[in-house]
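Residue numbering for the sequence shown follows the numbering used here, starting at 15 and increasing by one per position. Note that beta-carbon positions come from the ideal geometry of N, C-alpha and C, so glycine has one too. Below you'll find the structure, written out as structure tokens, and then a few comments.
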Amino acid sequence: MEFERDKNFFTGRFKSMGFALKGALKLITTEHSIMVQSSIGILMIFAGFYFHISHEEWMIQTLAIGFVLGVEGINTAVEKVADFIHPEFHKKIGFIKDIAAGAVFFAALTAVTIGCMIYIPKI
């Protein structure tokens, strides 16, 4: 069965949104790192309500949470593709996976910094 592209703009967008939602649900239900990061994101949302953060702080916090989850999703995709291409251990594949994990580290470090900037003055 060949993939047939949907030529209608609106139905094509709805199908794309469906694929994106399916991917997000797969990430949240199967990947432990996303589960942990989503849980931390939810805790930060509760903290935002508890500390009555400003509209601007909500925007930055939301951006930080989405940034970490998005980069982690890309990291997961890179790891899955690398494992598919070369299932056994290979030094170059390990290097690629380490770089992708490093990107998640930078995103998480940025989010922690933002969280500290928002919440330390309130504590």
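From residue i to residue j, what distance separates their C-alpha atoms?
| i | j | result |
| --- | --- | --- |
| Gly26 | Lys36 | 15 Å |
| Arg19 | Ala34 | 16 Å |
| Phe28 | Pro135 | 43 Å |
| Glu71 | Gly84 | 20 Å |
| Lys21 | Val95 | 28 Å |
| Ile42 | Gly55 | 12 Å |
| Phe24 | Lys105 | 44 Å |
| Thr44 | Thr127 | 28 Å |
| Gly108 | Lys40 | 24 Å |
| Ala38 | Ser53 | 15 Å |
| Ile110 | Leu123 | 20 Å |
| Phe60 | Asp97 | 37 Å |
| Ala117 | Val82 | 9 Å |
| Ile137 | Ile99 | 48 Å |
| Asp112 | Phe119 | 10 Å |
When you compare the CB positions of residue i and residue j, do they come within less than 9 Å of one another, or not?
| i | j | result |
| --- | --- | --- |
| Val92 | Ala121 | no |
| Thr90 | Ile48 | yes |
| Ala125 | Ile79 | yes |
| Gln51 | Glu86 | yes |
| Gly129 | Met58 | yes |
With 16 other CB atoms within 10 Å as the buried threshold, where does residue i fall?
| i | result |
| --- | --- |
| Ile132 | buried |
> At which residue ranges does the stretch 69-115 contain complete alpha helix (DSSP H) runs of 4 or more residues, listed in the order of the chain?
Replying inline: The qualifying runs are 69-99.
### Query
Enumerated in chain order, which unbroken segments of the alpha helix (DSSP H) with a length of 4 residues or greater are wholly contained in the stretch 30-71?
The stretch 30-71 contains these whole alpha helix (DSSP H) runs: 46-65.
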